[in-house]
Amino acid sequence: MGAIGLLFSGAALFLNSLMLLGKAEEKSVAFFNILVGLLQVITPIYLIITSDQSNWSMFNNGAVFLFGFTYLYLGATILKGYDWSGLGWYSLWVAMMALVYAVVFYIQENDVLNALIWVMWAFLWFLFYLSSALKKPYEAYIGRVAFVQSWVTLTLPALFMLLDMWQIAKLQQMWIYVCLASFLYFSVEAIVFFRGRKQTASGSSTIIELKAIPFYMG
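Following our numbering, the numbering of the sequence shown begins with 255 at its first residue and continues without gaps.
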């Protein structure tokens, strides 16, 4: 994926994270998703047509479609009021494809950084599957994960590419640690989030039980 595509994917994911956190209105965010989705579908078509048509070129350029169709599907789902289950199951499929890309980058290219980034994307798409297909109320947690990933995996790497800095070995080494730190943050946030949900559910059940206890006066 080119630097410009990464940059605007970062912008779309940033807005999506704010939408999940309840800070941005759905339809206004959906419109931007449509714009970025069109960019991420038209661009790889052009790149494939003008490439050497090798399997590796197809594999690399084809990855952009995973993002493009996600953004288009999300935008259409919101604007047209479709059920979210279709987007959720598509997200599960994309999560599995992202793991394939992670394995290929690690084995074929010995590229630890890109492998980690693809694993992070796979995790996020899997969370979208849980929320959209299985209707799990994890929006607050997913919003935090998406917010971090919009910067760590998309926006900042795109800026480094545009500044011709992304290939610097020390920067890539540092970014591996940034990705690992992000995974640690996701783990801590998950523990806090689910512990809070458990306590809320426990408190609610206690209130229900108290309401069910008959009280007799006199």
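For every residue, glycine included, the Cβ atom is placed at its ideal position computed from N, Cα and C. Bear in mind the structure is a predicted one, so any value in this text is a computation, not a measurement.
Discussion item. Could you tell me the alpha carbon to alpha carbon distance between F205 and V357, rounded to whole angstroms?
Written reply: Look at the range of the chain in this structure, 255 to 472, and you will see that residue 205 is not part of it.
Worksheet item: Between A423 and T331, what straight-line distance do the alpha-carbon atoms span, to the nearest angstrom?
Response: 41 Å
Worksheet item: For Y470, which three-state DSSP category applies?
Response: Note that Y470 scores 45 on pLDDT, short of 50, meaning its location in the model is unreliable; the coordinates nonetheless yield the value given after this. Residue state, collapsed to three classes: coil.
Worksheet item: Looking at C-alpha atoms only, which residue of R398, W343 and P298 is the closest neighbour of L267?
Response: When each option's Cα is compared against that of L267, the closest is R398.
Item to complete: Give the straight-line distance between the Cα atoms of N287 and F437, rounded to the nearest whole angstrom.
Response: 26 Å
Worksheet item: Tell me which same chain residues have a C-beta within less than 6 Å of the C-beta of L261, skipping the five on either side of it?
Response: Correct list, in chain order: A412.
Worksheet item: What residue does the alpha helix (DSSP H) around W347 start on, and which one ends it?
Response: S339 to Q362
Worksheet entry | Status (buried if at least 16 other CB within 10 Å, exposed otherwise) for S282 | exposed
Fill in: Cβ shell of Y360 (< 7 Å), same chain only, five flanking positions each side left out
V366 and A369
Discussion item. Am I right that L275 and A394 are in contact with their C-beta atoms under 8 Å? What's the rounded C-beta distance?
Written reply: Their Cβ separation, rounded to whole angstroms, is 7 Å, which keeps L275 and A394 in contact under 8 Å.
Discussion item. Tell me which residue opens and which closes the alpha helix (DSSP H) that W372 is part of.
Written reply: V366 to S386 is the span of the alpha helix (DSSP H), which, as asked, contains W372.
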